[in-house]
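Following: one structure in structure tokens, then a few remarks.
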Amino acid sequence: MKILKIIKPILIILSLSACKKEKTPDPEPPACIERCNYFSDFTGHRWKLFRFYEDSTTYALNNTGLMPLPTSHSLSINICDNDNIWIVNGDGSSYVLNPVKCLSTDPDTVFQPAWSFSADKKQLIFANASTLNILSLTTLEMKLYEYVTINQGTGPKLFVRLGIYKSI
Numbered sequence: 710m711k712i713l714k715i716i717k718p719i720l721i722i723l724s725l726s727a728c729k730k731e732k733t734p735d736p737e738p739p740a741c742i743e744r745c746n747y748f749s750d751f752t753g754h755r756w757k758l759f760r761f762y763e764d765s766t767t768y769a770l771n772n773t774g775l776m777p778l779p780t781s782h783s784l785s786i787n788i789c790d791n792d793n794i795w796i797v798n799g800d801g802s803s804y805v806l807n808p809v810k811c812l813s814t815d816p817d818t819v820f821q822p823a824w825s826f827s828a829d830k831k832q833l834i835f836a837n838a839s840t841l842n843i844l845s846l847t848t849l850e851m852k853l854y855e856y857v858t859i860n861q862g863t864g865p866k867l868f869v870r871l872g873i874y875k876s877i
């Protein structure tokens with residue numbers, strides 16, 4: 710009988726703990742934690758090239774996320790390109806307003822090839838097969854880079870070019 714008096718409370722406690730409400734699983738994180746708003750950050754803005762850098766050091770080529778580096782050369786922007794404004798639309802179209810022309814025959818508006826984001830939203834892909842890598846993109850600023858090979862007197866050399874655009 711004494712054993713039953715000891716076992717009975719233990720059984721009651723065990724049965725109550727078995728009826729314990731299951732913990733609700735944590736909600737799934739949003740599918741897009743980083744680069745979620747790239748579409749809205751990119752479209753509907755007027756973008757102006759603010760700075761342009763070039764670097765051929767091995768360190769820069771392997772660490773584009775740190776650009777611009779002390780080894781990066783700031784390139785001057787042509788006076789006729791300095792005022793260009795890139796307008797990007799949500800339908801994949803974009804164009805450049807060209808107020809000061811490099812040549813008198815240059816058009817006032819230059820339509821750009823259709824664009825889209827890569828699946829991972831790390832690149833802008835244009836219909837003419839050119840691709841720009843996205844280093845960062847907000848509603849105020851975007852940093853785009855590409856790798857280019859330039860023929861120099863000693864032969865071809867690989868460079869990384871970084872353009873910093875500001876929303877105006």
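Residue numbers (my numbering): 710 to 877.
C-beta atoms are modelled at their ideal positions from N, C-alpha and C, and glycine is treated no differently.
Among Met851, Thr814, Glu763, which has the Cα closest to the Cα of Phe868? Here residue 868 refers to the residue found at position 159 of the sequence shown. For Phe868, the nearest C-alpha among the options comes from Glu763.
Can you tell me whether Glu737 is helix, strand or coil according to DSSP? Position 28 of the sequence shown, counted from the first residue, corresponds to residue 737. Reliability fails at Glu737, whose pLDDT of 48 lies under 50, so the model's placement of it is uncertain and the value that follows must be treated cautiously. Annotated three-state conformation of Glu737 is coil, per DSSP.
Separation of Asn842 from Asn807, as counted between CA atoms: Along the sequence shown, read from residue 1 onward, the residue named residue 807 stands at position 98. Along the sequence shown, read from residue 1 onward, the residue named residue 842 stands at position 133. In a straight line, the C-alpha of Asn807 is about 24 Å away from that of Asn842.
Contact check, Leu871 vs Thr773, beta carbons under 9 Å: Residue mapping note: residue 871 aligns to position 162 of the sequence shown, counting from 1. Residue mapping note: residue 773 aligns to position 64 of the sequence shown, counting from 1. Yes, the Cβ-Cβ distance between Leu871 and Thr773 is below 9 Å.
For Phe748, does the count of other Cβ atoms within 10 angstroms reach 16, so buried, or fall short, so exposed? By one-based count along the sequence shown, residue 748 stands at place 39. Classification for Phe748: exposed.
Leaving out the 5 sequence neighbours to the left and right, which residues in its chain are closer than 8 Å to Leu713 when beta-carbon positions are compared? In the sequence shown, the residue the question calls residue 713 occupies position 4. Below a pLDDT of 50, predicted positions are generally treated as unreliable, and Leu713, at 47, falls in that range; the measurement from the model is reported next regardless. Nothing meets the Cβ criterion.
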